[in-house]
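Per my numbering, the very first residue in the sequence shown carries number 166; after that it's consecutive.
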Amino acid sequence: MDDLTAWIVLGFMLAFGIGVAVFYGEQARQLKNELRRQREEREGKAG
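See below:
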């Protein structure tokens, strides 16, 4: 029973960690795309 509880806790921690990593990865990708788009707009106006 103790081993089962440990595996359940470990599984929750792993799932939570993956969820956080995916969420922040998506946020970072959107931010990078936004920054690139702003830079392209500035270069377009300057050029």
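Ideal Cβ placement from N, Cα and C applies to all residues, glycine included.
Determine the extent of the alpha helix (DSSP H) in which MET166 is found, giving its start and end residues. Looking at the DSSP string, MET166 is not in any alpha helix (DSSP H), and its letter there is neither H nor E.
Could you name the residues of the same chain whose beta carbon sits closer than 8 Å to that of VAL174, not counting the 5 residues immediately before and after it, in chain order? none
Ignore the nearest five residues each way along the sequence and tell me which others in VAL185's own chain have a CB closer than 7 Å to its CB. none
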